[in-house]
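Structure first, commentary second.
Protein chains: 2
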Amino acid sequence: MPAPVRATHDVDACARTDAALTRAFTILGKRWNALVLGGLQTGPAGFRELSRAIDGLSDSVLADRLAELTRHQLVRRRVDEGPPVSVSYELTDHGRALMPALDQISSWAVEHLPPEPSEQ
Amino acid sequence: MPAPVRATHDVDACARTDAALTRAFTILGKRWNALVLGGLQTGPAGFRELSRAIDGLSDSVLADRLAELTRHQLVRRRVDEGPPVSVSYELTDHGRALMPALDQISSWAVEHLPPEPSEQ
DNA sequence: GTAGCAGCTTCGAAAATCGAAGCAACCCCG
DNA sequence: CGGGGTTGCTTCGATTTTCGAAGCTGCTAC
């Protein structure tokens, strides 16, 4: 054992940062993904609707995020060919399964996230 | 009501994308933050230890993330002035309070996140 | 026709991330 | 004591992401 006994716990213990968590945050760790999913929580919504609901998110990025979430099967894009073509996005079962976790994070933020002492 | 009855639900319903969720993902929505917190889940760890545990994360970004998480009071930096100065990072109570949610997300990923059909 | 809305896409600029290298301090080995 | 290894970061230039404004199509209302 070359290194001093400094480590509080073995590297292996936290080593593989939990592959599943890594996969989850490959998606959720992108700037707006979780918020888009959250915006869909209450039901289907149109592109423009989401755009207005999520403050600060630009159209170009929203389009990108929706495409990505759709690829990952968390969101479904549905087109209504009625007289005025309309598009709506909604959560898939996979996406909906994430909602409880999102709620939990939301609650955590209420209780443990200070109102920003001084934003960077 | 100028627009056709296309909206499935009122904008207000999903309007303010849940301020708390937004605040939470101002932090968690950054590329490595959640993984760093996850790496600290099993106990205190040193800089290099985390660096090796989280695959793909560079030193410069890790330093940045740790500083940010520390500012937000989710992580605490502790220096042991012993003969060999050693630094260790650990979760604060606020940070630890997030772990259940992280676990839930991890479980969700196991059950609902396909093994990447084709990475972008 | 003219205006307005929905749903995107394109484009250049700004910001975030990356990876390699550097640096001080300290330990072990010989 | 010198060489080599480890820890904890910082700096820097290059690549990626993200951003926001503008543009374009299709349709409706006036």
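Going line by line, the protein sequences match chains L and U. Sequential numbering of the first sequence, starting at 14, is according to the numbering used here. Sequential numbering of the second sequence, starting at 14, is according to the numbering used here. Ideal Cβ positions, reconstructed from N, Cα and C, are used throughout, including at glycine.
Beta-bridge pairing of residue i - partner residues as DSSP gives them
i, result
"S99(U)", "D93(U)"
"V88(U)", "L104(U)"
"A58(L)", "Y102(L)"
Close Cβ partners of residue i (< 8 Å) along its chain, the five nearest in sequence each way excluded
i, result
"G95(L)", "none"
"L53(L)", "L63, V88, Y102, E103, L104 and G108"
"L75(L)", "W45, V49, F60, L63, S64 and I67"
"L38(U)", "The displayed chain sequence assigns Phe, not Leu, to residue 38(U). Closer than 8 Å at the Cβ level, and outside the excluded window around F38(U), lies no residue."
Span separating the alpha-carbon of residue i from that of residue j
i, j, result
"R91(U)", "L104(U)", "11 Å"
"I40(U)", "G56(U)", "21 Å"
"I118(U)", "P97(L)", "39 Å"
"D116(L)", "V100(U)", "34 Å"
"D77(L)", "S71(U)", "26 Å"
"A122(U)", "Q86(L)", "12 Å"
"P128(L)", "D31(U)", "14 Å"
"H125(U)", "A110(L)", "8 Å"
"L79(L)", "G42(L)", "15 Å"
"A114(L)", "D93(U)", "36 Å"
"D134(U)", "S120(L)", "No answer is possible for residue 134(U): the residues shown for chain U start at 14 and end at 133."
"R36(L)", "R36(U)", "22 Å"
"E81(L)", "S73(U)", "28 Å"
"A58(L)", "A58(U)", "44 Å"
Cβ shell of residue i (< 7 Å), same chain only, five flanking positions each side left out
i, result
"M112(L)", "Q54"
Residues of its chain near residue i, where Cβ-Cβ distance is below 6 Å and the 5 sequence neighbours each way are ignored
i, result
"L34(U)", "none"
"T83(U)", "R90"
Is it the case that the segment 64-75 of chain U contacts the segment 41-52 of chain U, given that we only count it when at least three CB pairs across the two stretches are under 8 Å? With the cut-off at 8 Å, the segment 41-52 of chain U and the segment 64-75 of chain U touch.
Residues within the segment 31-53 of chain U neighbouring chain L, beta-carbon criterion of under 9 Å: If the cut-off is 9 Å between Cβ atoms, the segment 31-53 of chain U has D31, A32, A33, L34, T35, R36, A37, F38, T39, I40, L41, G42, K43, R44, W45, N46, A47, L48, V49, G51, G52 and L53 near chain L.
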